[in-house]
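These notes are about the structure you will find just below.
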Amino acid sequence: MEAGMATEDDHAYRNATLAKLEERAIKGLFALIERDGGDRKFWVRTAVGMFLVTAGPMILISLFFLGRELGYFE
């Protein structure tokens, strides 16, 4: 077998891992759907979470480049 070639076991492991991740994601989505939507705390957490997921990576990248310009990584 050549180096870098995937085996049957690799494919089985990946498929099992992806199936577990998919099942966990579906359970999480159903948990969100089944919650009471009238709770203000729930919507605040959801809004903050959505902001962090969308803006968080860009903020971290910007801080990295700013730190590099200011010489913090030398």
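The letter at position 18 of the sequence shown is residue 6 when you use the numbering used here, and the numbering goes up by one with no holes. For glycine and all other residues, C-beta sits at the position ideal for the given N, C-alpha and C. Here the structure is a predicted model, which means the values were calculated and not measured.
Per-residue DSSP class, three states only, for residue i
i     : result
Leu58 : coil
Arg28 : helix
Arg33 : helix
Arg23 : coil
Beta-carbon proximity list for residue i, same chain, < 7 Å, skipping 5 on both sides
i     : result
Ala43 : none
Contacts around residue i, its chain only, beta-carbon distance under 6 Å, and the 5 residues preceding and following it disregarded
i     : result
Glu57 : none
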